[in-house]
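One line per chain: the protein sequences are A and B, in this order. Here the first sequence is numbered in our numbering, starting from 1 and rising by one per residue. Here the second sequence is numbered in our numbering, starting from 1001 and rising by one per residue. Cβ coordinates follow ideal geometry from the N, Cα and C atoms, glycine included.
2 protein chains.
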Amino acid sequence: MRTIVISIGEELVSGQCVDTNAAWLSAHLADRGVTVLRHVTVRDHRGDIAAAFRQAMVEADLVISTGGLGPTGDDLTRFGLADALGVAIERSPEAEQQIRTFFERWGRTMREVNLVQADLPAGCSPLHNPVGTAPGIAHLADPCRICALPGVPNEMRALFEQHVSAQFTRRSDRTVRARIRCFGISEAALGELLADMMTRDRNPLVGTTASSAILTIRISATAESEPEARTMLGHDVSEVRRRVGEAVFGMDDDELEHVVARLLVERGRTVSTAESCTGGLIGKRLTDVPGSSRYFLQGVITYSDAAKASLLGVPEALIAEHGAVSEQVAEAMARLGRERSGCDYTLAVSGIAGPTGGELPGKPVGLVYIALATASTTEVRRFLFGDHLLREEVRDRSVKSALNMLRLSLLRECGDAAPAAG
Amino acid sequence: MRTIVISIGEELVSGQCVDTNAAWLSAHLADRGVTVLRHVTVRDHRGDIAAAFRQAMVEADLVISTGGLGPTGDDLTRFGLADALGVAIERSPEAEQQIRTFFERWGRTMREVNLVQADLPAGCSPLHNPVGTAPGIAHLADPCRICALPGVPNEMRALFEQHVSAQFTRRSDRTVRARIRCFGISEAALGELLADMMTRDRNPLVGTTASSAILTIRISATAESEPEARTMLGHDVSEVRRRVGEAVFGMDDDELEHVVARLLVERGRTVSTAESCTGGLIGKRLTDVPGSSRYFLQGVITYSDAAKASLLGVPEALIAEHGAVSEQVAEAMARLGRERSGCDYTLAVSGIAGPTGGELPGKPVGLVYIALATASTTEVRRFLFGDHLLREEVRDRSVKSALNMLRLSLLRECGDAAPAAG
Chain A
1 MRTIVISIGE ELVSGQCVDT NAAWLSAHLA DRGVTVLRHV TVRDHRGDIA
51 AAFRQAMVEA DLVISTGGLG PTGDDLTRFG LADALGVAIE RSPEAEQQIR
101 TFFERWGRTM REVNLVQADL PAGCSPLHNP VGTAPGIAHL ADPCRICALP
151 GVPNEMRALF EQHVSAQFTR RSDRTVRARI RCFGISEAAL GELLADMMTR
201 DRNPLVGTTA SSAILTIRIS ATAESEPEAR TMLGHDVSEV RRRVGEAVFG
251 MDDDELEHVV ARLLVERGRT VSTAESCTGG LIGKRLTDVP GSSRYFLQGV
301 ITYSDAAKAS LLGVPEALIA EHGAVSEQVA EAMARLGRER SGCDYTLAVS
351 GIAGPTGGEL PGKPVGLVYI ALATASTTEV RRFLFGDHLL REEVRDRSVK
401 SALNMLRLSL LRECGDAAPA AG
Chain B
1001 MRTIVISIGE ELVSGQCVDT NAAWLSAHLA DRGVTVLRHV TVRDHRGDIA
1051 AAFRQAMVEA DLVISTGGLG PTGDDLTRFG LADALGVAIE RSPEAEQQIR
1101 TFFERWGRTM REVNLVQADL PAGCSPLHNP VGTAPGIAHL ADPCRICALP
1151 GVPNEMRALF EQHVSAQFTR RSDRTVRARI RCFGISEAAL GELLADMMTR
1201 DRNPLVGTTA SSAILTIRIS ATAESEPEAR TMLGHDVSEV RRRVGEAVFG
1251 MDDDELEHVV ARLLVERGRT VSTAESCTGG LIGKRLTDVP GSSRYFLQGV
1301 ITYSDAAKAS LLGVPEALIA EHGAVSEQVA EAMARLGRER SGCDYTLAVS
1351 GIAGPTGGEL PGKPVGLVYI ALATASTTEV RRFLFGDHLL REEVRDRSVK
1401 SALNMLRLSL LRECGDAAPA AG
């Protein structure tokens, strides 16, 4: 099934918002064996919307749009779609009833303007929206099916799961895919390690992608039967893991925090944090994982020198002698944080995230010390992330490097040479 | 100047990564008076890349692509562009020298595969990349200029600033724009307040966008001269602010944390945090702002009940009686956190982010108590974000609601009726 995803919104084309809907739809279509050919993003302009639908209807079997279904005057998807289909707009009694019911259920006052959302191109049917006021619009005629979904991500997702997804049975696909996630290796080094596997016409096809210091190796295997494709895929996954070694931290959607969470739970260990320049971001990442209360007990954000003394007991003299951003202070933060929290591990970070604060000699923006205290030792590593990175990038790299130190420590302490299985 | 942005990458079309480059480029082009017509995202497929360039060259005066310039076998932009231009690929000595210099400067070992990045379509010139190994590719012939930039965001941005941006002088544009940012009001309520201003053919044009509980009112005014357009814009901005009131928190790119930061700095106040379900995310947001050490001193992440007692002194009996997610415990966390930190304000959060943990009667997923302790009082608010939200959404709404409580308190305490000026 050839699919095109159209995102509609002035705020997207003008760059005021990043479109996450197209990627979400593509990923969820891929899970159902549907390949997306292209994403197109157009303005809140009736003519542009109509043209995008018209062109997509020629090339694709399925067109999914997001956005432009709201109640305000700049929501023009219904009109653009009507123009592309060559039909007029009609009020749908079914959609009107859905909107009225939504407001009653939530005890909110319906405004007349909300009923505009019940106006659909003739011949189209409304898609009931369980979590918002905007019904979707479906046109299910051959040769091209069209589904217009709202732009608000949780509404779009609910409508996709409820209405669009149901149209595909999970076919016994002959192409199977895996992604291998790596940290702490460059894309070129990876390209060299895997050069013979990354040729263009090879099957399985192997490719790499870099995003925010995480490298993803994508593998897709195609065969006449799914079991055969799975065998080919499994072979390549093993081969890549063997070559790349402990830089592989997980599979598919794994983030470092998921892998660390699994290792901590498996081993029954706990972790606490003592953060300075990351300001709570390590705690945030650890608690992004549902159920994190099993291993994450507490943290302190010691942003000021005084807080490093009062919340952790770091000697003021140590800070005065070496500076807050130093190997010595990071070591003390982790060691004392571990003592005070009673956790098995404590991660501590002190650094200069920038863009200011890099004035002292030998302490440039991007200098970060990360310490990991364990029962037996406190390991401190010095990172120089480089002043070409943004503040948010320095902080992100710091957190990933910290989580990776914890991951490697958990693996090594338990005598487990292989990376965590996905 | 009519511009089309093409994003190239299997990982984008398949939904494995969200494309942030197209939005960034659009926003930065808009600042320079260049309007983007459309974004198109295509796979790592030579024919698709060539087709996207060919079609864009017909419609636009400027085409900017990102991605597909790396050293590995799935980087096909150079080939697709060569096909669209109808030329062959040639090794560029200038690009080769840039790549060699980059590796020497950073003391890294160059791999032969990196020199593939010096292969350009004939007639094109390399764009020097100061922060990475992939040079951009420029084809500056009439009637359509083409710039192919790398996909890694910081490299893309550096090349845009250095090479592409220089091609536009900031023209004296007759269309001027502003965005007004709101929190704590629904899109329909806003639509009703502004209905007469949101008609389709009005000038200035007024539209609204909702994203993660933040509503943005976009206003663009067009006139024969820029001063005239600015006057029209200023009038509408004032009118919108008057109607919407204190739900307006800022302008343009403002986030709640920026506005809170400005208010705290202006008033010389400090803040600390005591977080449970948000796990450090309030601290993270406060310290996203450069220079946040002026007002954010410390925080504690008391994820476990024991940590609420040991790090804040919340009585264990209080937790036993009311539960950790209760008005009483949130109040105690904020009040005691303020006493211990010595800050002017303390924000505390205790809630159930989900998806698990909502088993107790009267304590569903999405229930969050937020407390703000000030010199005179501790205010506690109960939020029921609803179990249709994801864990990350509950946490995000909690942080925004907490920051908004601090914003309103700062405004009111200082007898400032109007929202913070942008």
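Contact of residue 1281 of chain B with chain A is assigned, a C-beta pair being separated by under 8 Å. Interface criterion met: the Cβ of residue 1288 of chain B is under 8 Å from a Cβ in chain A.
Note on residue 384 of chain A: under 16 other CB atoms within 10 angstroms of its CB, so exposed under the neighbour-count rule. When DSSP reads this structure, residue 125 of chain A sits in a beta bridge with A/138.
When the beta-carbon positions are compared, residue 122 of chain A and residue 90 of chain A come within less than 8 Å of each other. In this structure, the beta-carbon distance from residue 1241 of chain B to residue 1403 of chain B does not fall below 8 Å. If you ignore the 5 residues before and after residue 1035 of chain B, its C-beta comes within less than 8 Å of the C-beta of 1001, 1002, 1003 and 1029, all in its own chain and listed in chain order. Taking the CA atoms as reference points, residue 300 of chain A sits about 31 Å from residue 251 of chain A. Scanning chain A for C-beta atoms nearer than 9 Å to the C-beta of residue 1049 of chain B yields nothing, as the closest lies near 11 Å away. Residue state for residue 197 of chain A is assigned as helix, using DSSP reduced to three classes.
Where residue 53 of chain A is concerned, the enclosing alpha helix (DSSP H) starts and stops at 46-59. Proximity to residue 274 of chain A across A/239, A/329 and A/391 peaks at A/329, based on C-alpha coordinates.
Around the Cβ of residue 398 of chain A, a 10 Å sphere holds 16 or more other Cβ atoms; the residue is buried. Nearest in C-alpha terms to residue 210 of chain A, of all of B/1147, B/1345 and B/1069, is B/1069. Taking CB atoms only, residue 1303 of chain B has a neighbour in chain A less than 8 Å away. In this structure, the beta-carbon distance from residue 1023 of chain B to residue 15 of chain A falls below 8 Å.
For a Cβ distance threshold of 8 Å, residue set 1303, 1304, 1306 and 1307 of chain B lies close to residue 297 of chain A, ordered along the chain.
For residue 321 of chain A and residue 1409 of chain B, the gap between their C-alpha atoms comes out near 40 Å. Inter-segment contact for the stretch 172-183 of chain A and the stretch 219-238 of chain A is present: three or more beta-carbon pairs are separated by less than 8 Å. Boundaries of the beta strand (DSSP E) harbouring residue 1090 of chain B: 1089-1091, taken from the DSSP string. Counting along the chain, residue 1042 of chain B sits inside the beta strand (DSSP E) bounded by residues 1035-1042. Comparing alpha carbon positions, the residue from A/382, A/220, A/293 and A/307 closest to residue 369 of chain A is A/382. Three or more beta-carbon pairs separated by less than 8 Å are not found between the stretch 1072-1089 of chain B and the stretch 1126-1133 of chain B, which leaves the two stretches without contact. Residue pairing by DSSP puts residue 298 of chain A in a beta bridge opposite A/272 and B/1302.
Residues of chain A whose Cβ lies closer than 7 Å to the Cβ of residue 1284 of chain B are, in chain order, 279, 280, 281 and 284. Between the alpha carbons of residue 1247 of chain B and residue 1354 of chain B lies a distance of about 28 Å.
Residue-level contact by beta carbon fails for residue 344 of chain A and chain B, as no gap is shorter than 8 Å. The Cβ atoms of residue 32 of chain A and residue 10 of chain A do not sit closer than 8 Å to each other.
Cβ contact annotation for residue 1184 of chain B (same chain, cutoff 7 Å, sequence separation greater than five): 1247 and 1404, in chain order. Assignment of residue 253 of chain A by DSSP, reduced to helix, strand and coil, places it in the coil class. Burial check for residue 58 of chain A: the Cβ neighbour count within 10 Å stays below 16, so the residue is exposed.
At a cut-off of 8 Å, the C-beta of residue 300 of chain A has a neighbouring C-beta in chain B.
In summary, the residues of the stretch 12-29 of chain A whose CB is separated from some CB of chain B by less than 9 Å are 12, 13, 14, 15, 16, 17, 18, 19, 20, 22, 23, 24, 25, 26, 27, 28 and 29, in the order they occur in the chain. A distance of 8 Å or more separates the beta carbons of residue 1050 of chain B and residue 113 of chain A. Secondary structure note for residue 1383 of chain B: its beta strand (DSSP E) is the uninterrupted segment 1378-1384. Not a single C-beta of chain B is nearer than 8 Å to the C-beta of residue 159 of chain A.
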